[in-house]
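Q: One structure coming up, written as structure tokens, with questions to follow.
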Amino acid sequence: MSSPGAPVSAPAHSSIRTLLEARSVAVVGASRRQDSFGAQLMSQLVGGGFNGDVWPVNPRYSLVQGLACVPSISDLPRTPDLVVLAVPNPLVEQQLRAAAEHGCRSGVIFASLFEPASEGQAPLVDRVATIARSAGMAVCGGNCMGFLNLAGDLRVCGYGMPSNLVPGAITFITHSGSAFAAMIYNNRPLRFNLVVSSGQELVTTSADYLEYALEQPSTKAVAMFIETINDPPKFRAALERAASLDVPVIVLKVGRTPRSQDLAIAHSGALAGADEAYDALFDAYGVVRVRSFAEMSDTLELVVAGRRAGPGGLASIHDSGGERVLFADEAAGVGVPQPDIADPTRARLDAVLEEGLAPGNPLDAWGTGNRYEEIFIESAGALLADPSMAALALCVDLTTEMYAEAGYVKVAKHAWAHSDKPLAVLSNFADAIDRRDAASLREAGIPVLEGTTTGLLAFKHLFDLRDHRSLSQIVFPEEVSAEVRERWRGRLVSGPLLSETESLMLLADYGVPVIPSKVAGDGPGVLRAAEAVGWPVALKTAAEGVAHKSDAGGVRLNLGPPDLAPAYAEMARRLGPAVTVARMAPPGVELALGVVRDPQFGPLVMAGAGGVLVEILEDRRFGLPPLDETRALNLLGGLRARRVLDGARGAPPADAIAVARALVALSRLALDLGDVLAALDVNPLIAGPEGCVAVDALVVPSAL
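Take a look at the structure:
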């Protein structure tokens with residue numbers, strides 16, 4: 015299938031309102047045949063409470079579901095806000111053109127828009143997109159399942175949907191039609207104000223729907239299932255808007271591997287993009303990324319409950335010693351902190367727990383089960399009052415096997431009423447939950463999380479949202495002068511590849527500490543360079559075309575005066591006379607930093623394990639510039655190499671602050687010069703106990 019690519023021009027804002035808030039709808043392909051798509055579409059529209067005008071369009075009928083049916087779009091009594099095309103591929107182009115000529119501002123296309131390739135003719139998907147763009151139409155689809163605006167009683171969907179849907183506070187935008195149906199049919203219930211199956215996004219993109227959702231006062235969270243982003247600048251702007259409004263955006267982004275990216279292209283023509291770039295984008299705007307629908311559902315339920323997390327970690331109460339151990343294992347695995355309890359908390363718990371039960375977090379409070387309601391209520395109150403606890407999980411399975419479960423509902427409701435901290439009942443086994451108890455809790459506003467790992471991830475995301483909310487606006491400590499910026503821009507535009515010395519000079523001009531070095535081309539010059547930079551020295555080939563010097567045998571380290579001349583003679587014989595002489599860096603942790611250019615999101619800053627390990631370990635993280643010191647430290651904190659930075663096997667900790675400041679400087683460079691850079695590689699950057707220094711660098715202009 016051919017992809018239409020990013021839209022040439024986004025639909026006018028009024029067009030998407032005309033689409034999602036239509037007050038008059040024409041249904042082309044409406045039918046009286048009860049098993050047909052056109053009949054189901056009419057049933058959903060008319061039976062869903064829509065009180066606007068509905069005009070069936072089909073030359074075969076004069077009446078459909080009690081409504082007058084016209085033979086064609088041109089026969090409509092007036093121009094509808096929305097034209098819904100319930101027609102097969104061969105009729106889509108003709109009917110959309112007729113709608114555009116009739117002045118329609120929006121449409122829904124369910125058809126796949128696939129047709130066999132025809133020489134000399136653009137693909138159907140492109141022809142249809144061109145019609146819509148030229149007319150300024152907003153279009154949902156093609157290859158979509160439509161949308162449900164539950165807040166506005168507008169259901170445009172040709173598939174059976176529940177009749178008793180209650181409007182809620184969640185917007186769900188999805189590329190997957192099956193995900194559209196599955197989320198609507200959830201049994202929690204998660205309640206939506208708007209659900210959109212965006213399909214191929216010929217004209218109107220996920221970014222447009224996100225923008226619209228953020229304008230609705232009822233929207234408290236947005237969930238998305240996406241294969242790609244078709245309008246990156248608008249999507250970034252919408253994410254920034256969501257962050258400013260404090261509306262959580264929870265995304266299930268698929269296409270994380272080469273194989274799944276191929277499947278995304280086959281499914282919808284979507285070019286999925288580099289997954290690491292999406293991580294950088296989501297980190298920059300505080301987007302919650304989930305890996306499954308179960309994780310999405312638990313996260314939505316916890317977030318939409320409306321309680322923000324304050325400082326601290328997660329407290330948990332259990333009625334099982336074994337499940338408490340399971341919970342502790344999983345909490346450590348997903349990175350949810352469970353702080354130790356304070357002394358006053360310990361005293362309160364000591365006073366209520368049965369003998370043999372030790373106060374702590376996580377807490378096993380069951381014992382014999384005698385007085386369990388009293389014990390659990392007092393334990394919950396003690397833990398929620400502890401200043402180290404930001405939230406509480408009541409970890410019980412809500413089974414129907416015994417009398418205790420109704421008591422747990424009472425415990426949870428009491429704790430919820432007597433604290434404003436986030437709280438949830440968390441079951442370790444979703445299949446065992448008594449749905450009556452779960453419904454009672456949810457009616458009281460208390461989240462019920464359906465799985466150990468997914469429930470813990472929901473709490474982690476709640477804490478991540480808190481942490482992102484606390485980040486300050488980025489202000490660079492000092493600006494690079496316009497003269498420096500324009501000088502390097504001119505150099506990068508003109509090409510060719512920068513030498514190592516030039517690359518280090520560029521870094522130095524932007525505030526990255528670099529090792530002193532000089533270029534030389536003969537024996538006496540090498541000696542003078544060594545004396546200028548300071549002994550001992552590293553000798554590196556400066557031969558053109560040698561990007562990986564170590565692989566070519568073009569690096570000699572820790573050379574003193576007696577060693578330098580023979581080392582240079584041997585290297586010059588093999589690789590030529592041009593060399594770089596650099597002072598040896600002090601010992602430390604080798605890291606790799608860099609700037610890469612992503613085709614969707616532009617320049618990204620990279621940090622990873624350095625030296626020869628950078629490609630072997632694949633331990634790297636990307637950040638979307640600009641970065642400040644806090645964000646740069648967060649980036650470093652996601653590396654496996656961070657444990658080495660913290661000090662390993664008796665080594666002193668490396669200066670992570672200095673590395674973070676180098677990343678901030680690189681992010682400034684990326685913003686200034688990213689459009690004329692293909693890549694920038696600093697490897698290694700050596701971080702010692704005090705400071706860091708770039709030892710080698712490679713800069714590739716985009717002109718090459």
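Plus 14 on top of the position in the sequence shown (first one is 1) and you've got the working numbering. All C-beta atoms, glycine included, are put in the ideal place defined by N, C-alpha and C. A quick note: this is a predicted structure, and the numbers were derived from the prediction, not measured.
(1) Rounded to whole angstroms, what's the CA-CA distance from VAL101 to LYS234? Just pull it up for me.
(2) Cα separation between ALA711 and LEU653?
(3) Under 7 Å from any heavy atom of the ligand ATP, does the C-beta of GLN487 make it?
(4) Compute the Euclidean distance between the alpha carbons of VAL106 and GLU558, then round it to the nearest angstrom.
(5) Can the beta-carbon of LEU228 be found less than 8 Å from the beta-carbon of LEU34?
(6) Just mark SER23 as buried or exposed, buried being the case when its beta carbon has 16 or more other beta carbons within 10 Å.
(7) Of the choices ALA606, GLY661, ARG663, LEU479, whose alpha-carbon is the least far from that of PHE636?
(8) How many angstroms separate the CA atom of ASP523 from the CA atom of ARG141?
(9) Taking only runs of the beta strand (DSSP E) that begin and end inside the stretch 83–147, which ones reach a length of at least 3 residues, in chain order?
(10) Does the distance from the C-beta atom of LEU363 to that of SER393 stay below 8 Å?
(11) For ILE700, is the classification buried or exposed, using 16 other Cβ atoms within 10 angstroms of its Cβ as the cut-off for buried?
(12) Answer with buried or exposed for THR382, where buried requires no fewer than 16 other C-beta atoms within 10 angstroms of its C-beta.
(13) For PHE186, tell me which candidate among TYR199, ASN178, GLY174 has the shortest Cα-Cα distance.
(14) Check for me: the alpha helix (DSSP H) holding ASN648 runs from which residue to which?
(15) So, for GLY705: in the same chain, excluding its five sequence neighbours on each side, which residues have a beta-carbon less than 6 Å away from its beta-carbon?
(16) By DSSP's criteria, HIS475 is part of a beta bridge. Which residues make up the other side?
(17) Taking the straight line between their C-alpha atoms, what separation do you get for SER484 and ASP478?
(18) Under 8 Å between the Cβ atoms of ILE243 and VAL302?
(19) Looking only at C-alpha atoms, which of ALA221, THR188, GLU337, VAL170 sits nearest to GLY465?
(20) Using 10 angstroms around the beta-carbon of ILE331, count the other beta-carbons present and answer buried if the total reaches 16, otherwise exposed.
(21) Run through DSSP, which three-state label would THR185 get?
(22) Quick one: give me the first and last residue of the beta strand (DSSP E) that PRO617 is part of.
(23) My output table needs one value for GLY43: the three-state DSSP class, helix, strand or coil.
(24) If LEU727 sits next to LEU650, beta carbons under 8 Å apart, how far is it from one beta carbon to the other, in whole angstroms?
(25) For LEU578 versus VAL540, is the C-beta spacing smaller than 8 Å?
(26) Checking the sheet assignment: what are the DSSP bridge partners for ASN178?
(27) Taking DSSP's pairing of strands, which residues face GLU464 in a bridge?
(28) Using 8 Å as the Cβ pair cut-off and three pairs as the minimum, do the stretch 249–267 and the stretch 313–322 touch?
(29) THR359 lies in the alpha helix (DSSP H); which residues open and close that run?
(30) Among the candidates ASN65, ALA40, ARG499, whose CA atom is the shortest distance from the CA of ASN72?
(31) Roughly how many angstroms separate the alpha carbons of PHE124 and MET151, rounded to a whole number?
(32) With distances taken Cα to Cα, identify the nearest neighbour of ALA599 among VAL84, ILE529, MET56, SER28.
(33) For ARG480, which of GLY326, ARG169, LEU440 has the nearest alpha-carbon?
(34) Which residues share a DSSP beta bridge with LYS532?
(35) I need the straight-line Cα distance from ARG645 to GLY213, nearest angstrom please.
(36) State the beta-bridge partners of PRO70 as determined by DSSP.
A: Per the coordinate set shown:
(1) In this structure, the alpha-carbon of VAL101 lies about 36 Å from that of LYS234.
(2) Using only the alpha carbons, I get a separation of about 21 Å.
(3) Absence of the ligand ATP is noted for the structure shown, with no ligands found whatsoever.
(4) Roughly 57 Å between the two C-alpha positions.
(5) By the CB criterion at 8 Å, LEU228 and LEU34 fall outside the cutoff.
(6) Its pLDDT being 42, under 50, SER23 is placed unreliably by the model, and nothing is read from it.
(7) When each option's Cα is compared against that of PHE636, the closest is ALA606.
(8) Those two C-alpha atoms are separated by around 50 Å.
(9) The beta strand (DSSP E) runs lying completely inside the stretch 83–147 and spanning 3 residues or more are 96–99, 120–123, given in chain order.
(10) Against a cut-off of 8 Å, the Cβ pair of SER393 and LEU363 comes out as a contact.
(11) Within 10 angstroms of the beta-carbon of ILE700 lie 16 or more other beta-carbons, which makes it buried.
(12) THR382 is exposed by the Cβ-count criterion.
(13) Nearest to PHE186 by alpha-carbon distance, out of TYR199, ASN178, GLY174, is TYR199.
(14) Looking at the DSSP string, the run of the alpha helix (DSSP H) that includes ASN648 is 643–651.
(15) Closer than 6 Å at the Cβ level, and outside the excluded window around GLY705, lie ASP669, ALA672.
(16) Note: HIS475 is not bridge-paired with any residue in the DSSP secondary-structure output.
(17) So the two alpha carbons sit approximately 10 Å from each other.
(18) No, the pair does not count as a contact, with Cβ atoms beyond the cut-off.
(19) Selected option, being the one with the closest Cα: GLU337.
(20) Its Cβ being crowded by 16 or more others within 10 Å, ILE331 is buried.
(21) Shown here, THR185 sits in a strand according to DSSP, grouped into three states.
(22) Where PRO617 is concerned, the enclosing beta strand (DSSP E) stretches over 616–623.
(23) DSSP places GLY43 in the coil class of the three-state scheme, outside both helix and strand.
(24) Because residue 727 is not part of the residues shown, which for the chain are 15 to 718, the question remains open.
(25) Here LEU578 is near VAL540, since their CB atoms are less than 8 Å apart.
(26) Partner(s): none; ASN178 has no beta bridge.
(27) According to DSSP, GLU464 bridges with SER441.
(28) Contact between the stretch 249–267 and the stretch 313–322 is present, because at least three Cβ pairs lie under 8 Å.
(29) The continuous alpha helix (DSSP H) containing THR359 extends over residues 357–366.
(30) Answer by Cα proximity: ALA40.
(31) C-alpha separation (whole angstroms): 16 Å.
(32) It is ILE529 whose Cα lies nearest to the Cα of ALA599.
(33) Nearest Cα to ARG480 within the set GLY326, ARG169, LEU440: GLY326.
(34) BP columns for LYS532 point to VAL595.
(35) Straight-line spacing of the CA atoms in ARG645 and GLY213 works out to 35 Å.
(36) According to DSSP, PRO70 bridges with VAL41.
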